[in-house]
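Chains as they are written, first to last, in the numbering used here: chain A, 1 to 299; chain B, 1001 to 1314.
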């Protein structure tokens, strides 16, 4: 369908002209792959570094004569130390509970709100839509201090509920904004004819519109899950005991202590903690990108 | 989209099969009643965990509250004191430097990466997925990698620079004021490039190819094609991405918390870390609330200006 302009054969006036075109094309390729290599190196090097440090014995790190860019000795000790001597598995579990809970709550609320704002006509609808968009722009840094007071006055401090209920403040605005756009793209006639056939509004929504909005719902879900998994500030403040910490906070605040850093285990924790979100989006990278950009284009 | 064209089986629902709560159901047949019901969960959550804390924050900022004591009304005293506070002034300056420099770098490099990714080459999809990684993984965890990359004795960057005879001594990345800010800017830019690149790439892919052909036939060079064809097409998406990035960078906390905690000598202190330090560590909640609230007018002006600019040509 698309004809790349560069591929259209141009009648070469002479041999030297043809050579010039070829040389130009070669130069273009070289620049393209050069830039790509540089970007790849810069963006992926920290991950490579996490990996090689996590499989080296810590004593090798301090040996300045060894080239630090590849492992000279291999070990799994850092991983076994992390999994058996620290609360890492517990933090992983905490994070899973919180991320699943917050995502479920936010997804239900966002589907409802997105449907109401994108589909139904009612007074104050536009104002509410704008309000939710503005809520999306409020950074957690602005709220965490008074929110910590609210959490403790509701007696939610150091419980999963503290995070399951506070993460939706940034998940719902994003989710409903994203889903609003999806619901609008589904033709109204489908619901109207269902209602003529006797379906209630609720049935028209759940049986007709929601199945069609599945791609949007999935990307809202993945986005919510990764945002919850990665959250740091609220978790740092609302969870006070070691046992209740989430993975990012536990790793940063419990494994970095004093002057002795267990770099190998730290990097192992950083790698393992990144795996779930990496898997989550590698399966759904297209929906993820669509969600990311739909969210920003519609904004 | 294609899903809309799929034939949908009309469900045949028995009208008489309504039992308990049928009156409630009937009331929901009104469009506005149904809409209001659907909005209840969202409004409850946002009211309790966003509006209420926000109002409480405003109230606290006018008091001398400390942790455990509600304190009393002191008017604008917190806000006034901060204006004369040297550390607060440094904080404001740092936050603007951090945000300003990283936005320019992220925009330039992100657009560069998007233009590269828009060219046809092998394994493009795989690359797109891989290069999104810095944006996707938990920032606190990737910050740990940076903590080591900037370590004064273990940094491989320093090791490489020494072996290339670029420097003789160790580089104290996070322990020297100016270098500490530079290090944070590098780490933040690294994390943000993919977000810019992927979003701009999506914008680039909406440009019809024949537009480029038409421009070429009219004699436009590649720079002119970029200015007159490419830029208008990605203008909206780029501005929106900038809006989000400015807000999150201005209000950043975790990267700085992990790498420098605002030090050395407050040289990397930003609004987020100072609020945390004064409001929680030093338990002066009133003062902390005032610091956080100082962000509001700044963010409102920047967002308002950008949103106005985005809408102007839509």
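Cβ atoms here follow ideal geometry from the backbone N, Cα and C, with glycine treated the same way.
How would you list, in chain order, the residues of chain B whose beta-carbon sits under 8 Å from the beta-carbon of residue i?
{"i": "residue 122 of chain A", "result": "1031, 1032, 1035, 1036"}
Closer than 7 Å by beta-carbon distance: list the chain B residues that pair up with residue i, in chain order.
{"i": "residue 282 of chain A", "result": "1129"}
{"i": "residue 230 of chain A", "result": "1138, 1139"}
{"i": "residue 100 of chain A", "result": "Under the 7 Å cutoff, chain B gives no residues; its nearest Cβ is about 16 Å from residue 100 of chain A."}
To the nearest angstrom, how far is it from the Cα of residue i to the Cα of residue j?
{"i": "residue 1185 of chain B", "j": "residue 1101 of chain B", "result": "7 Å"}
{"i": "residue 146 of chain A", "j": "residue 1069 of chain B", "result": "13 Å"}
{"i": "residue 238 of chain A", "j": "residue 163 of chain A", "result": "8 Å"}
{"i": "residue 1129 of chain B", "j": "residue 282 of chain A", "result": "7 Å"}
{"i": "residue 1064 of chain B", "j": "residue 149 of chain A", "result": "15 Å"}
{"i": "residue 1241 of chain B", "j": "residue 1040 of chain B", "result": "30 Å"}
{"i": "residue 272 of chain A", "j": "residue 254 of chain A", "result": "16 Å"}
{"i": "residue 166 of chain A", "j": "residue 119 of chain A", "result": "27 Å"}
{"i": "residue 1188 of chain B", "j": "residue 176 of chain A", "result": "28 Å"}
{"i": "residue 1199 of chain B", "j": "residue 1271 of chain B", "result": "28 Å"}
{"i": "residue 161 of chain A", "j": "residue 270 of chain A", "result": "25 Å"}
{"i": "residue 1306 of chain B", "j": "residue 136 of chain A", "result": "15 Å"}
{"i": "residue 297 of chain A", "j": "residue 1237 of chain B", "result": "Only weak support exists for where residue 297 of chain A lies, its pLDDT of 46 falling under 50; the value from the coordinates is given anyway. Computed Cα separation, rounded: 5 Å."}
{"i": "residue 1044 of chain B", "j": "residue 1150 of chain B", "result": "44 Å"}
{"i": "residue 1053 of chain B", "j": "residue 153 of chain A", "result": "11 Å"}
{"i": "residue 1294 of chain B", "j": "residue 1083 of chain B", "result": "10 Å"}
{"i": "residue 3 of chain A", "j": "residue 1215 of chain B", "result": "Low local confidence applies: a pLDDT of 40 at residue 3 of chain A is under 50, so the model's placement there is unreliable, and no value is given."}
{"i": "residue 1080 of chain B", "j": "residue 1288 of chain B", "result": "13 Å"}
{"i": "residue 1136 of chain B", "j": "residue 1248 of chain B", "result": "15 Å"}
{"i": "residue 1141 of chain B", "j": "residue 231 of chain A", "result": "11 Å"}
{"i": "residue 1300 of chain B", "j": "residue 1175 of chain B", "result": "34 Å"}
{"i": "residue 178 of chain A", "j": "residue 140 of chain A", "result": "20 Å"}
{"i": "residue 1033 of chain B", "j": "residue 201 of chain A", "result": "11 Å"}
Compute the distance between the beta-carbons of residue i and residue j, then report whether it is under 7 Å.
{"i": "residue 1090 of chain B", "j": "residue 1266 of chain B", "result": "yes"}
{"i": "residue 1145 of chain B", "j": "residue 205 of chain A", "result": "no"}
{"i": "residue 172 of chain A", "j": "residue 1042 of chain B", "result": "yes"}
{"i": "residue 63 of chain A", "j": "residue 264 of chain A", "result": "no"}
{"i": "residue 1196 of chain B", "j": "residue 1110 of chain B", "result": "yes"}
{"i": "residue 1173 of chain B", "j": "residue 68 of chain A", "result": "no"}
{"i": "residue 109 of chain A", "j": "residue 225 of chain A", "result": "no"}
{"i": "residue 1234 of chain B", "j": "residue 1211 of chain B", "result": "no"}
{"i": "residue 284 of chain A", "j": "residue 222 of chain A", "result": "yes"}
{"i": "residue 219 of chain A", "j": "residue 287 of chain A", "result": "yes"}
{"i": "residue 1286 of chain B", "j": "residue 1060 of chain B", "result": "yes"}
{"i": "residue 57 of chain A", "j": "residue 75 of chain A", "result": "yes"}
{"i": "residue 244 of chain A", "j": "residue 54 of chain A", "result": "no"}
{"i": "residue 1031 of chain B", "j": "residue 121 of chain A", "result": "yes"}
{"i": "residue 1192 of chain B", "j": "residue 1106 of chain B", "result": "yes"}
Interface residues of chain A around residue i at Cβ under 8 Å?
{"i": "residue 1190 of chain B", "result": "42, 43, 46"}
{"i": "residue 1052 of chain B", "result": "150"}
{"i": "residue 1049 of chain B", "result": "147, 150, 165, 166, 168, 169"}
{"i": "residue 1045 of chain B", "result": "105, 109, 165, 168, 169, 172"}
Assign residue i to buried or exposed, taking buried as 16 or more other Cβ atoms, counted over all protein chains shown, within 10 Å of its Cβ.
{"i": "residue 1020 of chain B", "result": "At residue 1020 of chain B, the pLDDT of 49 sits below 50, so the modelled position is not reliable and the matter cannot be decided from this model."}
{"i": "residue 1328 of chain B", "result": "No answer is possible for residue 1328 of chain B: the residues shown for chain B start at 1001 and end at 1314."}
{"i": "residue 1308 of chain B", "result": "exposed"}
{"i": "residue 1218 of chain B", "result": "exposed"}
{"i": "residue 1281 of chain B", "result": "exposed"}
{"i": "residue 1096 of chain B", "result": "exposed"}
{"i": "residue 91 of chain A", "result": "buried"}
{"i": "residue 1228 of chain B", "result": "exposed"}
{"i": "residue 209 of chain A", "result": "buried"}
{"i": "residue 128 of chain A", "result": "buried"}
Using a Cβ cut-off of 9 Å, pull out every chain A residue sitting near residue i, in sequence order please.
{"i": "residue 1111 of chain B", "result": "Residues of chain A passing the Cβ test: none, with the nearest at roughly 12 Å."}
{"i": "residue 1104 of chain B", "result": "Here the premise fails: no neighbours, minimum Cβ distance about 17 Å."}
{"i": "residue 1288 of chain B", "result": "145"}
{"i": "residue 1159 of chain B", "result": "64, 67, 68, 69"}
Can you pull the chain A residues whose beta carbon is under 7 Å from the beta carbon of residue i, in chain order?
{"i": "residue 1119 of chain B", "result": "32"}
{"i": "residue 1279 of chain B", "result": "145"}
{"i": "residue 1248 of chain B", "result": "139"}
{"i": "residue 1245 of chain B", "result": "Going along chain A, no residue has its Cβ under 7 Å from residue 1245 of chain B, so there is no contact; the nearest lies around 10 Å."}
{"i": "residue 1254 of chain B", "result": "232, 233"}
Answer with yes or no whether the minimum CB distance from residue i to chain D is below 7 Å.
{"i": "residue 112 of chain A", "result": "Considering every chain present, this structure includes no chain D. Its protein chains are A and B."}
The region 208 to 221 of chain A / the region 180 to 189 of chain A touching (three or more Cβ pairs under 8 Å): yes
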